[in-house]
Amino acid sequence: CGMAGGCCLLFSLLAVGRAAAPPGGMLYPRETPSRERKELGGLWSFRADFSPGRDAGFVQRWYRQPLRQTGPVIDMPVPASFNDITQDPSLENYIGWVWYEKEVLLPLRWLQDDLNTRVVLRFGSAHYYSIVWVNGVQVMEHEGGHLPFEADISSIVQGSPGIPCRITVALNNTLTPHTLPPGSIQYMNDKTRYPKNYFVQNIRFDFFNYAGIHRPVVLYTTPSVYIDDITVTTTSSESVAMVQYQVSVVGSTLYSLSLSLRDQEGKVVATGDGPAGELKVLNPNLWWPYLMHKNPGYRYCLEVKMQVQVNGALLEDVYTLPVGIRTIHVTSTQFLINGRPFYFHGVNKHEDADIRGKGLDWPLVVKDFNLLRWLGANSFRTSHYPYAEEIMDLCDAYGIVVIDECPGVGIKMLESFGNKSLQHHLVVMEELIRRDKNRPSVVMWSVANEPASELPPAAYYFKTVIAHTKALDPSRPVTFVTDANYALDRGAPYVDVICVNSYFSWYHDPGHLEVIPLQLTTQFENWYKTYQKPIIQSEYGADSVPGLHSDPPLMFSEEYQKAMLREYHSVFDKKRKEYVIGELIWNFADFMTNQGTTRVLGNKKGIFTRQRQPKSAAFVLRERYWKIANESSCLPPIIKSHTLFL
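Taking mature numbering (1 follows the signal peptide of the UniProt record, and there is no 0), I'd label the letters of the sequence shown as residues -19 to -1, 1 to 627.
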């Protein structure tokens, strides 16, 4: 909430919009023989703009001088959400522009023009609309959270050795009907009830709208002629695999490229040259999901080396890309990975934790993966936005299968289906696929969660978004997650897999567990009869307050959560013999939401608490998932050995 004339500057910026994602690649910044990186995490200077119009920072040009000279600043950790860091309630629910600043000294070797070095500033993500200056010069704007953006700042920082590089970020978390996720600003004009210019940010999704610089900020270098992007796809049979590649180079057309693919022992198994081609791998180690193979998550290392003559000197750029060899195929009743049926037994998650909000936190990330493997979960959906690249790296490495979802959650208003929203949605899918296209763990794209897909414009909207997604990446199926009636859903005809959310005996017929078998069975049969496509139960669950017990089970008790799960599971066990290919519990852990009369310090549907302690339902799910894994695995000794140390 706030008291302001209303974030008008943001609206004018968003009105301009972008018709396409910025050109070029978005390779993760890795250190190689030709590339260095400098982490900019830690404490940044921070100031929220509480002026009536939220525009003082622009009117007074705060970016032209050190932020501390513009007024009071506080320390703010990066990466982190700013909302829960202080004791200031006005910052907890702040809407508008906030300002971040960091001064950093760059290595001398980065700043000498004659070395043909390129310096790039990269943000893993910032929520929601970002404008970035370096030494008072604007270098980039980016609309949207959850995805990376970067700019070449060489011309600004080079030639000034010994002078601190001052990075200033203006960040606005306002959501409009045309952002992803959408939202709206509502002004409270009743002067007998609200102060002058009082407004609130309305959202149509059930998680807290955390804001800030949520993921790592880095400076990295490349040569002036550099490898800009790599695209890899794979095919395989029992004895041979083919790795198709495309490499783009920026800065020259007179370069040479050589590629080598190494296995995990460092042995070169295939070589190639040129910007496009195919590598042949004999007797390949395939990338398998967790619990489907004794060695899940196997990845090769693709080393790409570029050489070019620049001003009489040999310039070289090297980039290494992990590559998993695997195939995906969808039939009317099955989801096949490497030709074998795969059943999703996993979770939905959130990037959410105490204090840090949505900020990337390594101890939390590693704890979550340990819990996933303890649980016997083989998959999760990135509900309801793309997760950090560091999390995705571990999915690749551990064999955790991912349904990669864009921030298309809360698309409920009619105006959110117009051309302006559609164009932004297409850009977001371009940015997401550009980032995650090479990940073996990503087996399906999700373009939305619970949109108002029964509305007439939804047909053209989702037909367009899904067609665009498939054009960008023909190698993966595409879905969106629906809670609409099967007979009214106008987007479902265009998906490859039906993902349906339902909360029988919770939001519908609350307290009546006995209705679940009939209602869930009817749901599955109606969807399959209509579309003849495999179905994932993409959400189901119940809130439980840890330590609250009731027998017979009553809502919000741990017993009720367990009982609901068992009712759902009995139906899953019948239908997974036919066309149900997965079940994803809502949710992995409790998470924060907006305040409301149905939310007591957030959503309590986690099988773990927000502090990652198990509720009773976690043990029910663990027993089930390991049982499914043992039934479906052709390697029972391997599964048994996992249970010993888990």
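C-beta atoms are modelled at their ideal positions from N, C-alpha and C, and glycine is treated no differently.
All values reported here derive from a predicted model rather than from experimental measurement.
| request: Give me the Cα-Cα distance between Leu21 and Glu506, rounded to the nearest whole angstrom. | output: 53 Å
| Hey, out of Asp65, Val79, Trp80, whose CA is closest to Glu73's CA? | Asp65
| request: Classify Asn568 as helix, strand or coil using the three-state DSSP reduction. | output: coil
| task | State yes or no: is the beta carbon of Pro265 nearer than 8 Å to at least one beta carbon in chain C? | result | No chain C appears in this structure, which consists of one protein chain only.
| request: Starting from Lys248, trace the beta strand (DSSP E) both ways and give me its first and last residue. | output: From DSSP, Lys248 is part of no beta strand (DSSP E); its letter is neither H nor E.
| request: Within its chain, find whatever has a CB closer than 6 Å to the CB of Gln227; leave out the 5 residues flanking it on each side and keep chain order. | output: Thr212, Ala257
| task | Please classify Gly253: is it buried, with 16 or more other beta-carbons within 10 angstroms of its beta-carbon, or exposed? | result | buried
| query | Can you tell me whether DSSP reads Arg(-2) as helix, strand or coil? | reply | Low per-residue confidence applies at Arg(-2): pLDDT is 49, beneath 50, and the placement is therefore not dependable enough to give any value.
| Touch check for the segment 380 to 392 and the segment 419 to 429: three-plus C-beta pairs under 8 Å? | yes
| Cα separation between Val390 and Ala598? | 27 Å
| For the segment 268 to 276 against the segment 302 to 319, are there 3 or more C-beta pairs whose distance is under 8 Å? | yes
| message | If contact is defined by three or more beta carbon pairs under 8 Å, each pair taking one atom from either stretch, is the segment 300 to 316 in contact with the segment 199 to 214? | response | yes
| task | Give the range of the alpha helix (DSSP H) segment to which Thr574 is assigned. | result | No alpha helix (DSSP H) contains Thr574, which DSSP labels as neither H nor E.
| Closest residue to Ser483 among Glu495, Ala473, Val462 (Cα-Cα distance) | Val462
| query | Considering His159, what are the terminal residues of the beta strand (DSSP E) in which it resides? | reply | That residue, His159, is in no beta strand (DSSP E); it is neither H nor E in DSSP.
| query | Is the beta carbon of Tyr521 less than 8 Å from the beta carbon of Tyr549? | reply | yes
| task | Would you mind listing the alpha helix (DSSP H) stretches within the segment 426 to 459 that are 4+ residues and don't spill past its ends, in chain order? | result | 439 to 453
| field | Reduced DSSP category for Leu627 - H, G, I as helix; E, B as strand; rest coil | value | Note that Leu627 has pLDDT 35, beneath the 50 cutoff, so the model's placement of it is unreliable and the number below is only indicative. In this structure, Leu627 counts as coil in the three-state DSSP scheme.
| said: Do Asn329 and Phe350 count as a contact pair if the criterion is CB distance below 8 Å? | reply: no
| query | Gln46 by DSSP, collapsed to three states: which one? | reply | coil
| field | Complete beta strand (DSSP E) runs within the segment 527 to 572 (minimum length 3 residues, chain order) | value | 561 to 566
| request: State the Cα-Cα distance for the pair Glu259 and Ala222, rounded to the nearest angstrom. | output: 10 Å
| task | Report the three-state DSSP secondary structure of Tyr201 (helix, strand or coil). | result | strand
| request: Helix, strand or coil for Pro70, going by three-state DSSP, please let me know. | output: helix
| query | How should Ser71 be labelled, buried or exposed, when 16 other C-beta atoms within 10 angstroms of its C-beta is the threshold for buried? | reply | exposed
| field | Outcome for Arg45 when other beta-carbon atoms lying within 10 angstroms are tallied against a minimum of 16 | value | exposed
| said: How far does the beta strand (DSSP E) with His310 in it extend, from its first residue to its last? | reply: 309 to 311
| task | Count the other C-beta atoms from every protein chain shown that fall within 10 angstroms of the C-beta of Thr312, then say buried if there are 16 or more, exposed otherwise. | result | exposed
| task | Could you pull the start and end residues of the alpha helix (DSSP H) that Lys514 belongs to? | result | Element bounds for Lys514: n/a, residue is neither H nor E.
| request: From the DSSP output, in three-state form, read off Arg280 for me. | output: coil
| field | Identity of the residues DSSP links to Cys146 by a beta bridge | value | Val85
| said: Using a 10 Å radius around the Cβ and a threshold of 16 neighbouring Cβ atoms, would you call Trp78 buried or exposed? | reply: buried
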